[in-house]
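Protein chains in written order, with the working numbering: chain E, 60 to 756; chain G, 2 to 272; chain U, 145 to 461.
C-beta: ideal position from N, C-alpha, C; glycine also.
Owing to the predicted nature of the structure, the values given are computational and were not obtained by experimental measurement.
This report refers to the structure that appears directly beneath it.
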Amino acid sequence: MPAAARGDRRGAAHRDRPVNTVATALAVAAGSAASGSAASLISGRVRAAVVGVCTGVSGVAGCCAGVAALGGARWSAELPWLLPLAGVHLHVDALSGLFMAVAGAVVAAVSLYGVGYSGHGRGGAASRGVQGVLPLFALTLVLVPAAASVSTFLVLWEAMALASLLLVLAEHRERPSVRTAGVWYAVMTHLGLVLLLTGLAWFAAGAGGEDFASLREGAGDLSPAARGGVFLLVTAAFASKAGAVPLHAWLPRAHPEAPSHISALMSAAMVNLGVYGIVRVGFDLLGGGARWWWLVLIAVGGLSAVYGILQAAVSSDLKRLLAYSTSENMGLVLIGVGAAGLFAAAGQRGPAALALGAALLHVVNHSAFKALLFCAAGSVLRATGVRDMDRLGGLRARMPVTAGLFALASLGAVALPPGNGFVSEWLLLQSLIHGLAVPGLSTAIVLPLAVALIALSAGVAAAVFVKALGVSFFARPRSPQAAEARESPASMLAGMGLLAAGCGVLALVPGLLGGALDRAVATAGLTGAGPLTGGGLRVELDGLAARLSPLWVTAALAAAVVLAAALPRLAVRRRSRHVRRRDVRLWDCGGGSPTPRMAYTATSFAEPLQRVFDDVLAPEQDVDVTPVRESAYLVERVRFQHAVPDRVEHRLYRPVLAALAVTGRGARRLAGGSVHLYLGYGFAVLVLLLAVLAVGW
Amino acid sequence: MSDSVFTQLLDLACGAFLLTAVVVLWRRELSVIVDVFALQGVALATVPLLIGWHEGRWDLAAVAAGIAVLRAGILPHLMRRALTATTAPPHADEDEDDGASYGTNGPYGTASWDRTDGAHSPERTDRTDGTHRYRADAGEARETQPLVNVAASLLTAALLTLLAYAVSRPLIALDPSPATRALPVGLAVVLIGFFVLTTRRRALSQVVGFLLLDNGITAIAFLATSGVPLIVELGVSFDVLLAVLVLQILTTRMRTAFGTTDLDDLRELHD
Amino acid sequence: MSGVGVAAVAAQVLVVVLGTPLLTGLMRQVRARMEGRAGAGVAQPWRDMRKLLRKTPVTPTGTGPAFRVAPALLVATTAVAAALVPLASTATPVSGEADLILVVALLALGSVALALAGLDTGTAFGGMGASREMTVAALVEPTILLAVFALSIPAGTTNLPRIVEGALHEPARLASPAGLLATAALAVAVLAETGRIPVDNPSTHLELTMVHEAMVLEYAGPDLALVELGAQMRLTVLLGLLASLFAPWGIATGASAAAVALGLVLFAAKVAMLGAVLAAAEVFWAKVRLFRVPELLAGSFLLALLAVTSSYFLGGV
């Protein structure tokens, strides 16, 4: 990024009024989060409500700060007294504002939902510890994008990871699987931290300063190899946080096991910060890089998109399905970010800005619909205690509002026209299609493949969400728990309603975000290339003949539906107009009224897809036939087992874990139990070190 | 002929050339594969014809005619004979064109007659039994279970084509002209031919794979050098003819020795 | 321009809605004649539809809003697509919005609605049909989008009227390898999307082979009429799309009413011819097994990818 632009920005910060909107809002957020955390000491039923309101206020304040930053306000501060040695550096610009606004909005809606969710007092979600940590987690989600030095960033990042870990473990008393999930999450997030620490420390050492401004200036002095190394290390850490395959193993474990409102926060706000990190370091701090960086990123994104959605397709656990779908969506975002980097590396700022804008818009859209999906899944879980879709069904009649909200969010997730996901996927496809004008062999080969992968993942996503909605909410209940489900309390519905409103606005008038996206993209270093014009009612691409008016399309669809529904009535004018719909028995090819056991389950729905992608998924099936003792021809019992294990995990993690176990067993032999032995080890190492020093000098 | 029309026609010929290679991967019936191979010969012959016409070199027309006769006429004819020899038992003359008529049913005509299982095992026992002959013959007349399944083969072909384009970029950059720009097509056919050679089981598909490879090389020669001398082409063609004759004899021998042309059975020779 | 343009859009939708049963009748008639039967006549689907529309609407027990809304949504998505695609004229008020990706997504929305309706009945057939339909739809998507990609390269946009106008001005585009490959790929995708013979048999009622029919088994009366109309309109619109993209001659580019009328007549003729050819070809084809469909689609995906690469590499860099 040119030095002039940076100087400009700093100038703007100084010219700000003494009372800065961003600063005030962030102070309010911090204050209310602290009071929320303190309010967890209250006992009784009010606790959840007070904590929820405080967290919500903190979220709203964070969202306001983000929106103000997106509107052009900037704020930076140095608090040397807050953190020993390094001090705290904060800076809020449009890019951090975008992620801050998204996190704040999600926090606000989800904490309202959480009041009802944890208010019923059952389980660990209502416990004092969880209620105390929740506001702090929410605050870190808002604050991480504001960090402006390596140490501040790492401290906030680790605080966020620890808080989320504690929250994931909330229900560890109820299910042992929570503990396993917690261990996986703890190990992977800390390995990520180690990578991040190494990468950023390397960067800071090379650049000669640890605040982001000096990193930005020093990035040019680093050798290309060092820049590449920093990028790889940092990207691995951030991609793992974003749930990108093959570093995703924690995600499908932790998300289903956490309480649902925590899952919503993690999936809709925390995961985004991985993308934020890649964009911040790759574009802003390192200032872009070689083609291979971005090709790696596109490959990771493509793999995550397709593998994530295929795993979601064969999953019958509702929350696991949603978690894998998060992997898929983050994959799409990474494809967009990678394409932006690729175009920028070729010197094409227009397409690069478009691709990055599309990726950021998809982050926003994904947060809206995924938070809603997780909340709705949480309502189902709360009402039935069942996550297995094979045992759900028939909830539409019992929880109509939740079913409607889930349907709305699914529409966003399948990327079909009136949904909000369609807008960002359309932008992403446009950016890839028009990116072919960028010269270079890699673009010519990578872009068609990327388009094909996006299309495949969109197609499978349609099947996935048809399955999720149709199998869990439609037809008849397949278990007594599902049959006795009741609609959720008002506060949960209100929280979901807020998210649904967000989805609706994003779907119908995405143009409203145009200016904010342009500013965020400009902050990332692609200045002077505003990709979106048109504003308000439609999305129009600058310099390309591509236009989308979601509002008009939706209006036309609605009108056409009304007309089509009226068509039969127009045709039978002659006969009595008041023909009422008659209720009849299901025909079922003359089979009479089918029982719920005959309905398609999630497993059976996914079977054809699983067979088509047999080579990729490698499902395990086992049929065990036990004959009656007297005769081999009479069968007493048939046991059928079916599982689709995560193949990447099997192939990649198991060997590593096995190797670690072997090493551990070897190391155990060193520990004989004798104190003399242990003291001896220490002495030997000391002597050895001294000897090395003596020889070395 | 104007330049743009020449480019257009040349691109079309090359497109058809590549497409026929893809169809060879796509289809299972050996008879259809042979027919498609004949079509590819025609497409290949068009290339020197067009170049000759454009540059006014009439000796290339003779080369084109030679290619057409050999690759669209003689070689497919030989393969068809090998096919009828292997599929139809000597005493059932009326079934001779069976294989061919399945193929002409249309692109999807016989896909529903799918017998992936049991196509191998019953051959030896059923061959003499008239009622089960269809099954036995179908096993011989079709590429029932290639080592890599058809969908994956097609996706691999897509990647191979991309690879061909990527590799031949520097070559094109040396002398960009409509002919050299189509060079990757030839390379892609070479790669697809090699792929057919490695993943198909039937001896006849192996022959087709080998010939695809050779067609690809010929196409590269024409596109890169705008036509090779007649004598070189004659020599190459003679070699190819000889190779096919040898392979045909080998196929017949295999058939008499093992009762099938599945090349995996050659492993028995090793033991 | 706006008066004629609005009229052109309305005429396109009307022609598709009203003419679509005739296309189905024509195709059935062609098929019947080729199979040596007399056939029921071209207007039979019209009579069927009138009969169905007059029946009392029924709601099977246990079905909900998804089941009720799906038929209307299917017809609506197809009608909006018919308005967007430049079937008869490229100079319409909606030509700026007529994005190819949008059209594809709208049609996909119709199949999603129908699949949900199939699951909503809670019957085994409904679920089976929904599951198969979504599997095929998921696999068709990459082919379609790559074909879109290939088509948009020479035109530099995914805007349909622009692509059609470009092809009208420069017919050589259509005969290029990229154009032909994209045509072939899109044609296979259209067969899969509309449930025609190699993928699904629209006239089957055998449990094991049904895809589309299995989803809509529970519909009766006016709802069934809408479902049938929607499915037939889908075929018409997709054939019309193929005709517009690869045989754009006669599509009006200006605001003259005569040109639009001529465009409409030619559109009807082109679609009728395509339909007749398809019906004739179907006589000779057999439906492939469900698990062979991926092979077919992988093939068409390869064609689409080749179309993209050849239009990029042969197009002169």
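Per DSSP, which residues does residue i bridge with? Please list them.
i, result
"A136 (chain E)", "E:L149"
"P204 (chain U)", "E:V643"
"E679 (chain E)", "E:A702"
"P686 (chain E)", "E:V694"
"S233 (chain U)", "U:A396"
"S208 (chain E)", "E:D270"
"D344 (chain U)", "D344 (chain U) pairs with nothing; no bridge assigned."
"R81 (chain G)", "Paired residues: none, contrary to the question."
"E30 (chain G)", "G:R143"
"N303 (chain U)", "U:D243"
"R203 (chain G)", "G:D263"
"D447 (chain E)", "E:D376"
Classify residue i: buried if its beta carbon has 16 or more other beta carbons within 10 angstroms, exposed otherwise.
i, result
"R143 (chain G)", "buried"
"A544 (chain E)", "buried"
"E484 (chain E)", "buried"
"S135 (chain E)", "buried"
"A372 (chain E)", "buried"
"A743 (chain E)", "exposed"
"L141 (chain E)", "exposed"
"T252 (chain G)", "buried"
"V396 (chain E)", "buried"
"A240 (chain E)", "buried"
"T219 (chain G)", "buried"
"E316 (chain E)", "buried"
"H349 (chain U)", "exposed"
"G443 (chain U)", "buried"
"G735 (chain E)", "Per the sequence shown, the amino acid found at residue 735 (chain E) is His instead of Gly. Classification for H735 (chain E): exposed."
"V6 (chain G)", "exposed"
"G739 (chain E)", "exposed"
Round the Cβ separation of residue i and residue j to the nearest angstrom and send it over; I've been treating them as touching at under 8 Å.
i, j, result
"R286 (chain E)", "L345 (chain E)", "6 Å"
"R194 (chain U)", "A665 (chain E)", "At roughly 40 Å, the Cβ-Cβ gap does not stay under 8 Å, so R194 (chain U) and A665 (chain E) are not in contact."
"G407 (chain U)", "A416 (chain U)", "No, G407 (chain U) and A416 (chain U) are not in contact; Cβ-Cβ is about 15 Å, not under 8 Å."
"T257 (chain E)", "L292 (chain E)", "6 Å"
"T294 (chain E)", "V330 (chain E)", "Not a contact, Cβ separation roughly 15 Å."
Handout entry: Inter-stretch contact (C-beta, 8 Å, three-pair minimum) for the region 325 to 340 of chain U and the region 286 to 300 of chain U
Key = Yes, the region 325 to 340 of chain U is in contact with the region 286 to 300 of chain U.
Problem - Cβ pair count under 8 Å reaching 3, the region 353 to 364 of chain E against the region 297 to 313 of chain E - result: With the cut-off at 8 Å, the region 353 to 364 of chain E and the region 297 to 313 of chain E touch.
Exercise for the section: Evaluate contact between the region 150 to 169 of chain E and the region 420 to 427 of chain E, counting only Cβ atoms and requiring at least three cross-stretch pairs below 8 Å. Expected result: The region 150 to 169 of chain E vs the region 420 to 427 of chain E: in contact.
Handout entry: At least three beta-carbon pairs within less than 8 Å, the region 108 to 120 of chain E to the region 222 to 230 of chain E
Key = With the rule of 3 Cβ pairs closer than 8 Å, the region 108 to 120 of chain E does not count as touching the region 222 to 230 of chain E.
Exercise for the section: Select from the region 478 to 497 of chain E all residues with a C-beta closer than 7 Å to any C-beta belonging to chain A, and list them in chain order. Expected result: Looking at the structure shown, chain A is missing, and the protein chains on hand are E, G and U.
Problem - Given 8 Å, three or more beta-carbon pairs between the region 202 to 222 of chain E and the region 143 to 153 of chain E - result: Enough Cβ pairs lie closer than 8 Å, so yes.
Practice task
With 9 Å as the limit, tell me which residues of the region 168 to 181 of chain G have their beta carbon closer than that to any beta carbon of chain E; keep them in chain order.
Solution key: Answer in chain order: R170.
Handout entry: Touch test, the region 661 to 679 of chain E against the region 292 to 303 of chain U, Cβ-Cβ under 8 Å, three pairs minimum
Key = Not touching, per the Cβ criterion.
Problem - Members of the region 306 to 321 of chain U near chain G, C-beta cut-off 7 Å - result: Per Cβ criterion, the list reads A316, A319, S320, P321.
Exercise for the section: Give, in chain order, every residue of the region 443 to 459 of chain U whose Cβ lies closer than 8 Å to some Cβ of chain G. Expected result: Of all residues in the region 443 to 459 of chain U, G443, F445, L446, L447, L449, L450, T453, S454, F457, L458 have a Cβ within less than 8 Å of some Cβ in chain G.
Handout entry: Stretch-stretch touch, CB-based, cutoff 8 Å, three pairs: the region 219 to 230 of chain U with the region 264 to 271 of chain U
Key = For the pair of segments examined, the region 219 to 230 of chain U was found not to touch the region 264 to 271 of chain U: the number of CB pairs separated by less than 8 Å stays below three.
Exercise for the section: Return the residues of the region 425 to 438 of chain U that lie within a Cβ-Cβ distance of less than 8 Å from chain G, sorted by chain order. Expected result: Cβ contacts with chain G: A425, F428, W429, A430, K431, V432, R433, R436, P438.
Problem - Contact list for the region 673 to 700 of chain E against chain G, Cβ threshold 8 Å - result: Of all residues in the region 673 to 700 of chain E, only D674 come within less than 8 Å of chain G when Cβ atoms are compared, listed by chain position.
Practice task
Decide if the region 441 to 458 of chain E is in contact with the region 517 to 535 of chain E; the criterion is three or more beta carbon pairs, one per stretch, under 8 Å apart.
Solution key: Result yes; three or more Cβ-Cβ pairs closer than 8 Å.
Exercise for the section: Report yes or no: do the region 155 to 175 of chain G and the region 500 to 513 of chain E share at least 3 C-beta pairs separated by less than 8 Å? Expected result: Three or more pairs of CB atoms, one per stretch, sit closer than 8 Å, so the region 155 to 175 of chain G contacts the region 500 to 513 of chain E.
Handout entry: Cβ contact check for the region 175 to 185 of chain U and the region 227 to 246 of chain U: 3 or more pairs under 8 Å
Key = A contact is defined here as three or more CB-CB pairs under 8 Å, and the region 175 to 185 of chain U fails this definition with respect to the region 227 to 246 of chain U.
Exercise for the section: Inspect the CB distances between the region 206 to 216 of chain G and the region 171 to 183 of chain G and report whether three or more fall short of 8 Å. Expected result: Contact between the region 206 to 216 of chain G and the region 171 to 183 of chain G is absent: fewer than three C-beta pairs spanning the two stretches fall below 8 Å.
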